[in-house]
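This report concerns only the one structure given below.
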Amino acid sequence: DPAAIRAEILPACPGATEIGDRRAAIHFALARLDAGDVLVIAGKGHETGQIVGDTVLPFDDREEAIAATGGSGPAGWRANGVSIDSRTVQAGDLFVALEGPTFDGHDFVADALAKGAAAAVVHRRPSGELAGAAPLLSVDDTLEALRALARAARQRSRARVCAVTGSSGKTSTKEALRACLAAQGETFASAASLNNHWGVPLSLARLPRSAAFGVFELGMNHAGEIAPLSELVRPDVAVITTIGLAHIEFFDSQAGIADAKSEIFAGMGPEGTA
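Position one of the sequence shown corresponds to residue 6 (this note's numbering), numbered consecutively onward.
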């Protein structure tokens, strides 16, 4: 009973106005906004229907807000890929504006949208004039948002996942595994050498729902870098190709490199294969 729910909420909301009709309530609130005010429409969630008894009636809070303000919003959009590089972004990609020590992806959001990106994930207002009405998805941290996309892709996937690391031979081993597994089913593998704290979540976020196998390359320069990547990928199978002297300047010994490479097992479950 909506009236009973409102009756329980109102005592905690002194000064509230009770309006039983949701459409009327949205219009009422919008009419009382001043410049700079923010309206939060809560309670129903993101669904585009309102349940009344046993019937679901079409009702979208966003459409009501747009209608009430006489404004316009982006039409329903769908991303079919993920990109962090405006130079290689494809039409329909979701562009994630990462910020690094020598660059800021927010400076290239306009370029990405002009090339057909479906939307951009940002943590500040991007520079430049933005093309069209593509949505800007505002987050606290774009790198963490990319990791969240990666976790979601891994969670929905039923693929058997293999992770590869080593001082040398990572990419060639990854490609050999891709070729072998492709004969058994749809196989996705990370592109080129996307194996760092940006490349791994980007690759994982691109994992198709339909893939039967996934192969990912994990790299590092310092101790402690592979473990979080492994915990993101959650490999069923982990491969260490070699333990050499690459990056020895950051370690006390070759044994230290071996320990760092063994972090690839951090994300494996008890049934994993090393």
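Every residue gets a Cβ at the ideal spot worked out from N, C-alpha and C, and that includes glycine.
Here's a check: name, in chain order, each residue in its chain whose Cβ is nearer than 6 Å to the Cβ of residue 133, leaving out the five neighbours to either side. 115
Which class does residue 5 belong to by DSSP, given the choice of helix, strand or coil? The displayed coordinates of the chain run from 6 to 279. Any statement about residue 5 would go beyond what the structure contains.
For the beta strand (DSSP E) that contains residue 165, what are its first and last residues? 165-170
Contact between the stretch 168-177 and the stretch 251-270 (3+ Cβ pairs under 8 Å): yes
Chain B within 8 Å of residue 87, Cβ atoms only: Among the protein chains of the structure shown there is no chain B, as only one such chain exists.
Locate the alpha helix (DSSP H) running through residue 176, then write down its first and last residues. 175-187
Ends of the alpha helix (DSSP H) at residue 262? 259-266
Give me, in chain order, the residues of the same chain whose beta-carbon lies closer than 7 Å to that of residue 44; leave out the 5 immediate sequence neighbours on both sides. 34, 35 and 38
If you follow the beta strand (DSSP E) that residue 195 is in, where does it begin and where does it stop? Residue 195 -> no beta strand (DSSP E), and no H or E assigned at all.
Report all residues from its chain with a CB closer than 6 Å to the CB of residue 92; omit the five preceding and five following residues, and keep chain order. none
Apart from the five residues on each side of it in sequence, which residues of its chain come closer than 6 Å, Cβ to Cβ, to residue 234? 205 and 223
Name the DSSP beta bridge partners of residue 245, please? 170
May I have the straight-line CA-CA distance separating residue 257 from residue 246, to the nearest angstrom? 21 Å
What would DSSP say about residue 124, mapped onto helix, strand or coil? strand
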